[in-house]
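**Q** Below you'll find the structure I mean.
Numbering (the numbering used here), first residue to last: 1 to 253.
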């Protein structure tokens with residue numbers, strides 16, 4: 001029985017060394033295993049939350065890039081509107097200006113309707129309350145995405161050929177887009193902080209779990225060598241005992 005127990009001990013020791021784990025089964029340390037599994041759940045939640053934060057940053061960057069294009073369109077529309085207000089501009093000139101303005105307005109509407117990430121529209125108002133699960137329990141932060149359609153900007157009917165248009169409409173739209181980009185930038189910064197926190201917290205969780213589950217390799221190897229020597233000594237003594245027993249049997253034959 002002692003030999004069997006010793007062999008089992010050697011097998012378990014090699015099993016731990018090969019896996020690098022102090023706890024391979026519940027029999028090794030039931031409490032430690034339960035604590036380690038709970039910590040791993042938290043660790044995985046933080047890691048996935050960090051991935052979700054990164055995806056959110058990507059969505060905000062896409063939206064901000066599109067809004068930068070919208071702003072360029074609006075600035076050009078304003079330039080054309082100011083030119084149309086010049087007393088030297090004829091009615092035909094204003095028609096030419098309006099033709100270009102219409103093209104620019106179509107560009108703004110197209111960006112608002114088509115800008116998307118993973119088939120999720122970002123600037124048409126359909127994602128006014130985007131939830132990002134950045135915490136291990138699935139909670140997180142909500143981000144109100146922008147609505148940059150012509151209707152939301154208030155310039156759907158902007159027309160310089162009429163005598164009653166106002167630059168205030170374009171100025172208001174420019175101010176709205178600037179505010180949208182500012183909000184997106186603030187949300188991006190918040191998500192970056194969240195990602196950095198989740199990454200650091202994940203590493204701390206891994207380190208803490210390692211102290212519970214992982215094997216002290218230098219000590220384990222040293223103990224294994226000691227056990228190997230003892231096993232070799234036991235086998236040698238057993239062999240010697242068997243030789244002595246054999247000699248005694250021959251004497252009585």
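No residue lacks a Cβ here, since even glycine has one placed at the ideal position from N, Cα and C. Just so we're clear, the structure is a prediction, and the values are computed from it rather than from any experiment.
Do you know offhand how far residue 54's Cα is from residue 88's?
**A** Going by the C-alpha atoms only, they are around 53 Å apart.
**Q** Enumerate in chain order the residues of its own chain whose CB-to-CB distance from residue 181 is below 7 Å, with the five nearest sequence positions on each side excluded.
**A** 64 and 67
**Q** Could you give the DSSP three-state label for residue 216: helix, strand or coil?
**A** Residue placement at residue 216 is flagged as unreliable, the pLDDT there being 47, under the threshold of 50; the coordinate-derived value follows with that caveat. Residue 216: coil per DSSP, three-state reduction.
**Q** Excluding five sequence neighbours on each side, which residues of the same chain lie with their C-beta closer than 7 Å to the C-beta of residue 97?
**A** Excluding sequence neighbours, residue 97 sits near 80, 83, 84 and 160.
**Q** Considering only DSSP beta bridges, list what residue 147 is partnered with.
**A** 124
**Q** Answer yes or no: do residue 141 and residue 123 have a C-beta to C-beta separation smaller than 8 Å?
**A** no
**Q** Hey, out of 240, 45 and 37, whose CA is closest to residue 138's CA?
**A** That would be 45, whose Cα lies nearest to the Cα of residue 138.
**Q** Counting only the same chain and skipping the five closest in sequence on each side, list residues whose C-beta sits under 6 Å from that of residue 198.
**A** 46, 49 and 50
**Q** Could you check whether residue 176 and residue 203 sit closer than 8 Å to each other, using their CB atoms as the reference points?
**A** no
**Q** Whose C-alpha, out of 113, 193, 106 and 146, is nearest the C-alpha of residue 256?
**A** The structure shown does not extend to residue 256, since the chain is modelled only from 1 through 253, so no value can be given for it.
**Q** Measure the C-alpha to C-alpha separation of residue 34 and residue 59 and round it to an integer number of angstroms.
**A** 38 Å
**Q** Assign residue 209 to one of two classes, buried (16 or more other C-beta atoms within 10 Å of its C-beta) or exposed (fewer than that).
**A** buried
**Q** Helix, strand or coil for residue 167, going by three-state DSSP, please let me know.
**A** helix
**Q** Classify residue 188 as buried or exposed, calling it buried when 16 or more other Cβ atoms lie within 10 Å of its own Cβ.
**A** buried
**Q** For residue 90, name the three-state secondary structure that DSSP assigns.
**A** coil
**Q** How big is the Cα-Cα spacing for residue 43 and residue 200?
**A** 11 Å
**Q** Suppose contacts are defined by Cβ-Cβ distances below 8 Å. Is residue 132 in contact with residue 52 by that definition?
**A** yes
**Q** Check whether the Cβ atoms of residue 76 and residue 170 lie closer than 8 Å to each other.
**A** When the beta-carbon positions are compared, residue 76 and residue 170 stay at least 8 Å from each other.
**Q** Could you tell me if residue 239 is buried or exposed, where buried requires 16 or more neighbouring beta carbons within 10 angstroms of its beta carbon?
**A** When all chains shown are included, residue 239 counts as exposed.
**Q** Does the distance from the CB of residue 62 to the CB of residue 114 come in under 8 Å?
**A** no
**Q** Identify, in the order they occur along the chain, each residue of the same chain with its Cβ nearer than 7 Å to the Cβ of residue 74, setting aside the five sequence neighbours on each side.
**A** 170, 173, 174 and 177
**Q** If I follow the unbroken beta strand (DSSP E) through residue 130, where does it start and stop?
**A** 130-132
**Q** Just the C-alpha distance for residue 216 and residue 236, rounded to the nearest angstrom, thanks.
**A** Bear in mind that a pLDDT of 47 at residue 216, under 50, signals an unreliable position, so the number given afterwards is only what the model happens to contain. Each residue's alpha carbon lies about 30 Å from the other.
**Q** So what does DSSP say about residue 141, is it helix, strand or coil?
**A** The answer is strand: DSSP assigns residue 141 an E or B state.
**Q** Among all the DSSP beta bridges, which residues are the ones paired with residue 95?
**A** DSSP output for residue 95 lists no bridge partner at all.
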